[in-house]
Amino acid sequence: MTTKLQLFKSFGPFNLVLMLAVVILAGSCKKDEPDVHLCGPWEYEGEFGPEHWGELADPCEEYVHCNGMAQSPIAIDGATVDDNLTALDLHYTTTNTHITHKGHTIEFEVEENNVLKLGGKDYELSQFHFHAQSEHTLQGVPYHMEVHFVHVNDLGDRAVISVMFKDGAANAFLAQVIGNLPNPGGAPYTSTTRFDPSVLFPTTPSADYFTYPGSLTTPNCEENVTWFIYQHPVEASTAQILRFRDLMPRNNRPHAPLNGRTVRVSDL
Ligand SMILES: [Zn+2]
0 MTTKLQLFKS
10 FGPFNLVLML
20 AVVILAGSCK
30 KDEPDVHLCG
40 PWEYEGEFGP
50 EHWGELADPC
60 EEYVHCNGMA
70 QSPIAIDGAT
80 VDDNLTALDL
90 HYTTTNTHIT
100 HKGHTIEFEV
110 EENNVLKLGG
120 KDYELSQFHF
130 HAQSEHTLQG
140 VPYHMEVHFV
150 HVNDLGDRAV
160 ISVMFKDGAA
170 NAFLAQVIGN
180 LPNPGGAPYT
190 STTRFDPSVL
200 FPTTPSADYF
210 TYPGSLTTPN
220 CEENVTWFIY
230 QHPVEASTAQ
240 ILRFRDLMPR
250 NNRPHAPLNG
260 RTVRVSDL
């Protein structure tokens, strides 16, 4: 039986030529927009799949982060209760959004200044995007979707708030945009109704969250992310979830080892 790894090795020279061609055509890496992935092709399976992302570091050296010791996502099977963790200090306002199909995900870029205050610093929300099924699992449970709200401070450090979606009642925000999600390669859509991004966050039965130090879950896999993963999921209808799954490839990276990191959980 031929494994994926053997296939990758047997087609290695071809891959190298292809990657060099792509890199020459695409130009240099663009560090502040890892979703653009100008460093070369990557996928969620096969020869450019997650187990090879670190190997794709040659010739695009940034991808070497994917072999790091503090990678994401992880399986959250237990956590240390930390009474010092307070409710997330959100300073959000209403905004319009530009929805773009990025190939590997559907991304909602926000216009206005939405800030998460953390450790005396402002982390500004730049975009949120969808994964199906979830990347993190909570107590062994995978969810139908996971949404990542990516915040960046003025040093380039990131804070990502993550929300799990389970099957249930239709989500009111998704209902406003579901008919206008771009197809792969389709034109972006700009919303006509302003909204507060925190409408997607759970408030019941609590706004408790897990937190741990990790990485981006796509190349370049940079390890400068403080993760905040709400413990309780929100709901979306089966039709809403299936619409996202129809439009996106399976886009959940396999779990990385914890490697001695501590996961803490709030007790709000
Ligand atoms: Zn993500």
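Note that numbering that gives the first Met the number 0 has the sequence shown beginning at 0, numbered continuously upward.
Glycine included, each C-beta is placed from N, C-alpha and C at the ideal position.
Predicted, not measured: the structure shown is a model, and the values here were computed from it.
Problem - Proximal residues to residue 130 (C-beta, below 6 Å), its chain only, five neighbours per side dropped - result: Residue mapping note: residue 130 aligns to position 131 of the sequence shown, counting from 1. Result list for residue 130: 145, 250, 251, in chain order.
Handout entry: Distance, residue 169 Cα to residue 59 Cα
Key = Here residue 59 is taken as the residue at index 60 of the sequence shown, counted from 1. Here residue 169 is taken as the residue at index 170 of the sequence shown, counted from 1. Each residue's Cα considered, the two are about 42 Å apart.
Handout entry: Short Cβ contact (9 Å threshold) for residue 231 with residue 196
Key = If you number the sequence shown from 1, residue 231 lands on position 232. If you number the sequence shown from 1, residue 196 lands on position 197. Contact flag unset, no.
Problem - residue 97, DSSP secondary structure in three states - result: What you label residue 97 is simply residue 98 of the sequence shown in a count that begins at 1. Looking at residue 97 - three-state DSSP - the assignment turns out to be strand.
Problem - Any 3 or more C-beta pairs closer than 8 Å across the stretch 182-200 and the stretch 135-142 - result: no
Exercise for the section: Using only the heavy atoms of ligand 1, determine whether one of them is closer than 8 Å to the beta carbon of residue 222. Expected result: Start at 1 with the first residue of the sequence shown, and residue 222 comes out as number 223. Using a cutoff of 8 Å, the CB of residue 222 does not count as near ligand 1, since none of the ligand's heavy atoms is closer than that.
Exercise for the section: For residue 134, verify whether its CB is less than 8 Å away from any heavy atom of ligand 1. Expected result: As a first step, residue 134 is located in the sequence shown; it is residue number 135 there, counting from the start. Yes, the Cβ of residue 134 comes within 8 Å of a heavy atom of ligand 1.
Handout entry: Reference residue 258; option with closest CA among 39, 43, 75
Key = In the sequence shown, the residue the question calls residue 258 occupies position 259. Answer by Cα proximity: 75.
Handout entry: ligand 1 heavy atom lying under 8 Å from the CB of residue 51
Key = The residue labelled residue 51 in the question sits at position 52 within the sequence shown. Flag unset: Cβ of residue 51 not near ligand 1.
Practice task
State the CB to CB distance for the pair residue 270 and residue 94, rounded to an integer number of angstroms; the pair is presumed to be in contact (CB under 8 Å).
Solution key: Here the chain has residues from 0 to 267 only, and residue 270 is not among them.
Problem - Closer than 8 Å: residue 97 CB and nearest ligand 1 heavy atom - result: Numbered from its first residue, the sequence shown carries residue 97 at position 98. No, ligand 1 has no heavy atom inside 8 Å of this Cβ.
Exercise for the section: Please state whether DSSP places residue 141 in a helix, a strand or coil. Expected result: Start at 1 with the first residue of the sequence shown, and residue 141 comes out as number 142. Residue state, collapsed to three classes: coil.
Handout entry: Host beta strand (DSSP E) of residue 121 (start-end)
Key = Counting from one through the sequence shown, the residue named residue 121 turns up at place 122. 120-130 is the span of the beta strand (DSSP E), which, as asked, contains residue 121.
Handout entry: Where the beta strand (DSSP E) containing residue 225 begins and where it ends
Key = Stepping through the sequence shown from its first residue, residue 225 is reached at position 226. DSSP places residue 225 inside the beta strand (DSSP E), whose first and last residues are 224-229.
Practice task
Compute the distance between the beta-carbons of residue 90 and residue 115, then report whether it is under 9 Å.
Solution key: The residue given as residue 90 occupies position 91 in the sequence shown. The residue given as residue 115 occupies position 116 in the sequence shown. For residue 90 and residue 115, yes; Cβs fall inside 9 Å.
Problem - Backbone secondary structure at residue 211 - three-state DSSP - result: For the purposes of this step, residue 211 is taken as the residue at position 212 of the sequence shown. Three-state DSSP puts residue 211 in a strand.
Handout entry: Candidates 228, 149, 111, of which the one nearest residue 96 by Cα
Key = Taking the first residue of the sequence shown as 1, we reach residue 96 at position 97. Residue nearest to residue 96 within the set 228, 149, 111 is 111 (criterion: CA-CA distance).
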